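Engineer:
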Amino acid sequence: MTLSIAITSGKGGVGKTNTAVSLAVALGQTGKDILLFDADFGLANTHVLLGTKPSKSVADFLDKKCSMEDSITNFKDGVSILSGGSGLIELLNLDNQRRHQILSGISNLDRNIDYLIVDCPAGAADSTLFFASASDIVAVVLIEEPTSFLDAYALIKAANLETGVKNFAVIVNMADSKAMAKRSFEKFREIAMRFLDVNLHYSGMIPYSKNIKHAVATRTPVAIGQPNSTASTAFREVSKTLIKTPIPKTDKLKFFDNVGGK
Ligand SMILES: Nc1ncnc2c1ncn2[C@@H]1O[C@H](COP(=O)(O)OP(=O)(O)OP(=O)(O)O)[C@@H](O)[C@H]1O
Ligand SMILES: [Mg+2]
3 MTLSIAITSG
13 KGGVGKTNTA
23 VSLAVALGQT
33 GKDILLFDAD
43 FGLANTHVLL
53 GTKPSKSVAD
63 FLDKKCSMED
73 SITNFKDGVS
83 ILSGGSGLIE
93 LLNLDNQRRH
103 QILSGISNLD
113 RNIDYLIVDC
123 PAGAADSTLF
133 FASASDIVAV
143 VLIEEPTSFL
153 DAYALIKAAN
163 LETGVKNFAV
173 IVNMADSKAM
183 AKRSFEKFRE
193 IAMRFLDVNL
203 HYSGMIPYSK
213 NIKHAVATRT
223 PVAIGQPNST
233 ASTAFREVSK
243 TLIKTPIPKT
253 DKLKFFDNVG
263 GK
């Protein structure tokens, strides 16, 4: 069984890529196999935070230069990366056929994947909605600012109305305290559920952390460089809650046809 998790946000720069990378490492450190798919096409940067340089990207697969398997780079701690390609303008506007090609390339991989983590670009672009709706769990990263709330609301509304996603996991990032983060989530959920037919599940918070800044600067994920830091503990806690997010039954096209759709 492979659980697919999309990491999304309304507003940019709220910490999606950090979260995707850190959750991948946290889950990988429990002995699981993780595929980290960088769906921020053309502007991919998960590999930067991992301190590695993939020689291939999804562009090579789409250009038929290699198989999906060969476009994946094995990192460590059970984590492998499918890069979205950097500086590749043609990847910015993938058409639907190419999105389906990527989805089926990943679905048909002949390797063990316990968790597929998809790092999406900010906002509700068609490509994000496509890969989010193909994931079992759609996680929305929020920071405690009105603009982040508004944009997250817009993303949830678009994903719900355009692709029928009903369940969302919410991660509060750069938080000051556990109590404040939970209160912010509850405030946000109250508004979202008043106006939209959606369910929001709290996955927990990541504190604002100098260790995370340091991890980015040194290109070493915090869970590897500072495994005992508060930030690493928070990622481990969030990962445990996140993977337990309820998954509704659906007939929609998913990365892996083994959860929810039966
Ligand atoms: N919990 C945190 N504490 C401190 N800094 C953080 C935290 N999370 C993220 N950051 C910082 O915020 C910045 C943006 O992070 P990141 O690139 O992960 O955001 P993003 O949502 O993926 O951005 P984009 O929308 O451009 O893809 C980085 O400089 C990172 O170091
Ligand atoms: Mg990012």
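All residue numbers for the sequence shown refer to this note's numbering, where the first residue is 3 and numbers rise by one. Every residue, glycine too, gets a C-beta built ideally from N, C-alpha and C. Quick caveat: nothing in here was measured; it's all calculated off a predicted structure.
1) Compute the distance between the beta-carbons of Thr-21 and Val-174, then report whether it is under 8 Å.
2) Can you name, in chain order, every residue of its own chain whose Cβ lies under 7 Å from the Cβ of Leu-96, other than the five neighbours on each side?
3) May I ask whether a heavy atom of ligand 2 can be found less than 7 Å away from the beta carbon of Asn-47?
4) If you measure from the CB of Met-195, is any heavy atom of ligand 1 nearer than 7 Å?
5) Check Ile-7 in the structure and name its three-state DSSP category.
6) Taking the beta strand (DSSP E) that Ile-119 falls in, what are its first and last residues?
7) What alpha helix (DSSP H) runs, 4 residues minimum, are completely inside the stretch 137-180?
8) Could you round the C-beta distance between Glu-239 and Gly-206 to whole angstroms and report it? I think they count as a contact, below 8 Å.
9) If you compare alpha carbons, which of Ile-193, Thr-222, Glu-188, Val-172 is closest to Ile-208?
10) I'd like the span of the beta strand (DSSP E) that includes Phe-43, first residue to last.
11) Thinking C-alpha only, which one of Phe-190, Asp-178, Phe-63 is nearest Tyr-155?
12) Straight-line CA distance for Thr-149 to Ala-181?
13) For Lys-254, which residues from the same chain have a beta carbon less than 8 Å from its beta carbon, with the 5 sequence-adjacent residues on both sides left out?
14) Taking 7 Å as the line, does the beta carbon of Ala-124 fall inside it for any heavy atom of ligand 1?
15) Taking the DSSP output, what are the residues bridged to Met-207?
16) What are the partner residues of Thr-75, as DSSP defines its beta bridges?
17) Would you report the Cα separation of Ile-158 and Met-70, rounded to the nearest angstrom?
18) Rank Gly-80, Asn-169, Val-218, Lys-18 by C-alpha distance to the C-alpha of Asn-201 and give the top, closest one.
19) Under three-state DSSP, which class holds Asn-201?
20) Please report the distance separating the alpha-carbon of Ile-9 from that of Asn-213.
21) Val-50: beta carbon under 7 Å from a heavy atom of ligand 1?
22) Quick one: is the Cβ of Asp-42 within less than 7 Å of any heavy atom of ligand 1?
23) In chain order, what residues of the same chain have a beta carbon less than 6 Å from the beta carbon of Gly-15, not counting five sequence neighbours either side?
24) Pairs of beta-carbons, one from the stretch 97-113 and one from the stretch 54-73, closer than 8 Å: are there three or more?
25) What do you get for Ala-219, buried or exposed, if any count of 16 or more other CB atoms within 10 angstroms of its CB means buried?
Structural biologist: Taking the definition as stated:
1) When the beta-carbon positions are compared, Thr-21 and Val-174 stay at least 8 Å from each other.
2) Phe-43, Ser-129
3) Between ligand 2 and the CB of Asn-47, the shortest heavy atom gap is smaller than 7 Å.
4) no
5) In the structure shown, the three-state DSSP call for Ile-7 is strand.
6) For Ile-119, the enclosing beta strand (DSSP E) stretches over residues 117-121.
7) 148-165
8) Separation of the CB atoms of Glu-239 and Gly-206 is rounded to 5 Å, and the pair is thereby assigned contact status at 8 Å.
9) Val-172
10) Element bounds for Phe-43: n/a, residue is neither H nor E.
11) Phe-190
12) If I take the Cα positions, the gap works out to 21 Å.
13) Ser-135, Ala-136, Thr-165, Gly-166, Gly-263
14) yes
15) Val-174
16) Ile-83
17) 30 Å
18) Asn-169
19) strand
20) Whole-angstrom Cα-Cα distance: 21 Å.
21) no
22) Yes, Cβ of Asp-42 sits closer than 7 Å to a heavy atom of ligand 1.
23) none
24) yes
25) By the Cβ neighbour-count rule, Ala-219 is exposed, with fewer than 16 other Cβ atoms within 10 Å of its own.
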